[in-house]
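K.L.:
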Amino acid sequence: MHPKHYLTGLLAFTAVLSSGMTDTAAAKAPKMKHVVMIGSDGFSAEVVTKNPGKFPNLERMMRDGSYTLEARSVLPSSSAINWATLLMEAGSEMHGFTEWGSKTPEVEPIYVNQWGFFPGIFGEVRQQMPEAVTGVVYSWDGIGYLFEKDAVDYALSTDSDDDEATRKFCAFLKEKQPTLAFIHLAQPDGAGHSIGWMTPEYVAACQKIDSLVGVIYDCVQQHMDPKSTAVIFTSDHGGKGMVHGGKTMVEMETPYVIVGRGIPANQPIERIVMRYDNAPTIAHLLRLKAPEQWYGKSVLR
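Numbering (our numbering), first residue to last: 1091 to 1391.
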């Protein structure tokens, strides 16, 4: 069954879902002072659609904001290439990261910024908002090769420990009130590879991630200004059996949820959402000028 067919049942206990994000709503997309991005590795759309009610914090974000369960990977549906695309907002033929564990571009980027990267969202924030505070906390070391570290105020790897990443990230949010902050959580990808996507163990790993999403979301509500802060949840890929990287929709489709004052609540995003639409969305919220090399579009337009 197609993911769209699950959406009404998934959220029916709250309200009747409206027909889609209107041009008027998009035109009124709010200006934000802060954006918090939560990324979970290997968190599929399929696990959400087939397990309604098991992810209360993700579903709370969906009720509070706009969402799709059809956000699509670039190919291959693997980690480094898609996290790079989420942060750099172009495909691998432009940014050069092409594989699961790319540490340097395998293809020469069409353009590099002053940090030697294809333009990414953290570099753009530093260039256009020099006084902004930014940070990245990640529990898969591979993330550390995919953003302009020298443009970021705080970067920390927690070596596969999602709980520690969440604690450090929330402390950073509370203390620094960053303009842009990104946390990468390594699960449920590990459960998918070791036991299998859609197994009970994988679902349990997704529920654990959901609990951490709740901790972060509550931290934002309690310690940052919710009137001027947007929160995004997304992933890089799903999976099939014990692998990913292929061309099936269960490998390519993930949730994309965005919450903030002025963003339509309980609202499915009807337009196509690709990985490379994420950074333009963040730039739109912060009112940054998108580099001419980006070809993604804000999901709020």
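Quick reminder that beta carbons are idealized off the backbone N, C-alpha and C, glycines included. No experiment lies behind these values; they were computed from the predicted model shown.
Determine whether the Cβ of Gly1328 lies closer than 9 Å to any Cβ atom of chain B.
P.N.:
Checking the listed chains, one finds no chain B in this structure; it contains a single protein chain.
K.L.:
How big is the Cα-Cα spacing for Asp1367 and Gly1386?
P.N.:
Spanning the two alpha carbons is a distance of roughly 4 Å.
K.L.:
For Gly1129, does the three-state DSSP call read helix, strand or coil?
P.N.:
For Gly1129, the secondary structure class from DSSP, reduced to helix, strand or coil, is strand.
K.L.:
Which term fits Tyr1201, buried or exposed, when burial requires 16 or more other beta carbons within 10 angstroms of its beta carbon?
P.N.:
exposed
K.L.:
So what's Arg1403 in DSSP terms, helix, strand or just coil?
P.N.:
Residue coverage of the chain in this structure runs from 1091 to 1391, which leaves residue 1403 outside it and unanswerable.
K.L.:
Per DSSP, Glu1343 is paired with what?
P.N.:
Arg1162
K.L.:
Reducing DSSP to helix, strand and coil, say where Lys1330 ends up.
P.N.:
strand
K.L.:
By Cβ distance, which residues of its chain are closer than 7 Å to Pro1370, with the 5 residues on each side in sequence left out?
P.N.:
Glu1179, Ala1380, Trp1384, Gly1386, Lys1387 and Ser1388
K.L.:
Applying the 10 Å Cβ sphere with the 16-neighbour rule, what's the burial state of Val1347?
P.N.:
Buried, by the Cβ-count rule.
K.L.:
Quick one: give me the first and last residue of the alpha helix (DSSP H) that Ala1170 is part of.
P.N.:
Where Ala1170 is concerned, the enclosing alpha helix (DSSP H) stretches over Ser1169 to Met1178.
K.L.:
Can you pull the DSSP bridge partners for Met1364?
P.N.:
Arg1162
K.L.:
Please go through the same chain and pick out, in chain order, the residues whose beta-carbon is closer than 6 Å to the beta-carbon of Phe1259, but skip the five residues on each side of it.
P.N.:
Val1227 and Ile1273
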